[in-house]
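By numbering that gives the first Met the number 0, the letter at position 25 of the sequence shown is numbered 24, and the numbering carries on one by one without gaps.
C-beta: ideal position from N, C-alpha, C; glycine also.
Quick caveat, the model's predicted, so the values are computed rather than measured.
Data first, discussion second: the structure below is written as structure tokens.
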Amino acid sequence: MNDSKNILYFEEEGISNNEIIVFIHPNLLSNWIWINQRDYFKDFHCIYLDLPNHGNSYLGNEFSIETSSEIIKELIQEKTHDSRNNNKIKKVNLVGVSLGGQIALYLLSKYPGLIDNVIVSGVNLYEDPEEDDFNNIVSMMNIFRMDILDKKPDKFLIKALLAEYGLEKKYYEFIKESNEKISIESFNSITKESLKFKIPKIENNKTKNKDNRKNKHKTNKNNNINNNIKNDNAKNKRDNNGENLLVLFGTKEYPKVKKSASLIKDIFNKAHVFGVYRSLHLWNIIDYGWFNEVVKDFICNKSYNLNNKDYLIEDI
Numbered sequence: 000m001n002d003s004k005n006i007l008y009f010e011e012e013g014i015s016n017n018e019i020i021v022f023i024h025p026n027l028l029s030n031w032i033w034i035n036q037r038d039y040f041k042d043f044h045c046i047y048l049d050l051p052n053h054g055n056s057y058l059g060n061e062f063s064i065e066t067s068s069e070i071i072k073e074l075i076q077e078k079t080h081d082s083r084n085n086n087k088i089k090k091v092n093l094v095g096v097s098l099g100g101q102i103a104l105y106l107l108s109k110y111p112g113l114i115d116n117v118i119v120s121g122v123n124l125y126e127d128p129e130e131d132d133f134n135n136i137v138s139m140m141n142i143f144r145m146d147i148l149d150k151k152p153d154k155f156l157i158k159a160l161l162a163e164y165g166l167e168k169k170y171y172e173f174i175k176e177s178n179e180k181i182s183i184e185s186f187n188s189i190t191k192e193s194l195k196f197k198i199p200k201i202e203n204n205k206t207k208n209k210d211n212r213k214n215k216h217k218t219n220k221n222n223n224i225n226n227n228i229k230n231d232n233a234k235n236k237r238d239n240n241g242e243n244l245l246v247l248f249g250t251k252e253y254p255k256v257k258k259s260a261s262l263i264k265d266i267f268n269k270a271h272v273f274g275v276y277r278s279l280h281l282w283n284i285i286d287y288g289w290f291n292e293v294v295k296d297f298i299c300n301k302s303y304n305l306n307n308k309d310y311l312i313e314d315i
């Protein structure tokens, strides 16, 4: 997708397949992190995108989770609807890690009728984020970067990031390229947006009907697809309680990630929440056999029965 201000870069595979998976990467990286998913999900129509101001994508102003989500929503509408009659012709699933998971939760909250299943991992949420708190965090990160990291050779930072993610040396060039494409301004706005993220007010049938009554005299002749999405939501009898949401976290991630999984469960009360035994943040790369299996099972096996997997721990 490309206009005068925005470029959303994405790669597609399996376009002829009937079900879509949109893979949304973590902050400060890009779509290369799905390198170990590409072959496994070849039976799906897969979209591997670079978030705005990451990789090969560009957003004309500061990074925004809301704006990024709206751009991705438009892409999903384009790929899932028949242009002749605006009917939804493909199911769509979202898979997101960290910042990608935050965006997936945003889309699930705002447009439940557009999304069929969502799998998120390693998402951080703060109960009551304060402007001063995350401004101070960003400032401290900048000071650390200028006083220490900028005085070190580039190899030092890349090796430090590899160690932080628990990745092998073969991913060195991928990490290097991702780091080179993130400006200081983008780094600050991406970090700030992720720190202050809150899941939007959940859309459900009652609130949508109330909004529809308030806006019944308003029309938009140039937005047929959006009107059709509203119709999809109205047809969706299930409240957006999270029964189509799988929340995962590695048991070797920071404790805050497990706490965040609990906060997500408080909002989507029927979400399925599991820890992944001794796994790190980017376990989709490291323990990709587990990751691929659980994502595919959740999408394909509608019973959502994942308790038979000995690497999953249901402790929330």
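Residue i, buried or exposed, once every other Cβ within 10 Å from all chains shown has been counted against 16
i: residue 7; result: buried
i: residue 299; result: exposed
i: residue 68; result: buried
i: residue 110; result: buried
i: residue 162; result: exposed
i: residue 253; result: exposed
i: residue 38; result: exposed
i: residue 87; result: buried
i: residue 127; result: exposed
i: residue 236; result: Per-residue confidence for residue 236 stands at a pLDDT of 36, beneath the threshold of 50, marking its modelled position as unreliable; no derived number is given.
i: residue 15; result: exposed
i: residue 155; result: exposed
i: residue 297; result: buried
i: residue 30; result: buried
i: residue 192; result: buried
Simplified DSSP assignment, three categories, for residue i
i: residue 116; result: strand
i: residue 19; result: strand
i: residue 165; result: coil
i: residue 104; result: helix
i: residue 262; result: helix
i: residue 98; result: helix
i: residue 89; result: coil
i: residue 181; result: coil
i: residue 305; result: coil
i: residue 174; result: helix
i: residue 297; result: helix
i: residue 27; result: coil
i: residue 323; result: In the structure as shown, the chain starts at 0 and stops at 315, and residue 323 therefore has no counterpart that could be examined.
i: residue 157; result: helix
i: residue 32; result: helix
Alpha-carbon spacing of residue i relative to residue j, whole angstroms
i: residue 274; j: residue 85; result: 39 angstroms
i: residue 17; j: residue 32; result: 24 angstroms
i: residue 28; j: residue 53; result: 7 angstroms
i: residue 181; j: residue 55; result: 10 angstroms
i: residue 282; j: residue 289; result: 9 angstroms
i: residue 59; j: residue 185; result: 11 angstroms
i: residue 64; j: residue 306; result: 33 angstroms
i: residue 26; j: residue 309; result: 29 angstroms
i: residue 9; j: residue 46; result: 6 angstroms
i: residue 177; j: residue 21; result: 20 angstroms
i: residue 115; j: residue 91; result: 6 angstroms
i: residue 71; j: residue 255; result: 27 angstroms
i: residue 42; j: residue 13; result: 7 angstroms
i: residue 311; j: residue 61; result: 38 angstroms
i: residue 36; j: residue 173; result: 16 angstroms
i: residue 74; j: residue 19; result: 12 angstroms
i: residue 190; j: residue 83; result: 41 angstroms
i: residue 197; j: residue 77; result: 27 angstroms
i: residue 93; j: residue 201; result: 17 angstroms
i: residue 117; j: residue 159; result: 31 angstroms
i: residue 119; j: residue 103; result: 7 angstroms
Enclosing beta strand (DSSP E) for residue i [first to last residue]
i: residue 244; result: 244–249
i: residue 273; result: 271–275
i: residue 201; result: First-last for residue 201: undefined, no H or E at that position.
i: residue 48; result: 44–48
i: residue 12; result: 9–12
Limits of the unbroken alpha helix (DSSP H) element including residue i
i: residue 125; result: That residue, residue 125, is in no alpha helix (DSSP H); it is neither H nor E in DSSP.
i: residue 252; result: Neither: residue 252 is in no alpha helix (DSSP H) and is coded neither H nor E.
i: residue 323; result: The question about residue 323 has no answer, for the chain in this structure spans 0 to 315.
i: residue 285; result: 282–285
CB contact check: residue i to chain E, cutoff 8 angstroms
i: residue 195; result: In the displayed structure, chain E is absent; only one protein chain is listed.
Would you check if the stretch 163–172 and the stretch 95–109 touch, i.e. whether three or more CB-CB distances between them fall below 8 angstroms? With the cut-off at 8 angstroms, the stretch 95–109 and the stretch 163–172 do not touch.
Decide if the stretch 237–247 is in contact with the stretch 265–279; the criterion is three or more beta carbon pairs, one per stretch, under 8 angstroms apart. In short, these stretches touch, since the Cβ pair count reaches three.
Taking one C-beta from the stretch 274–286 and one from the stretch 244–255 each time, how about it: are there three or more such pairs within less than 8 angstroms? Because the criterion of three Cβ pairs below 8 angstroms is met, the stretch 274–286 and the stretch 244–255 touch.
Quick test of the definition: if touching needs 3 or more C-beta pairs under 8 angstroms, does the stretch 116–130 touch the stretch 251–262? The stretch 116–130 vs the stretch 251–262: in contact.
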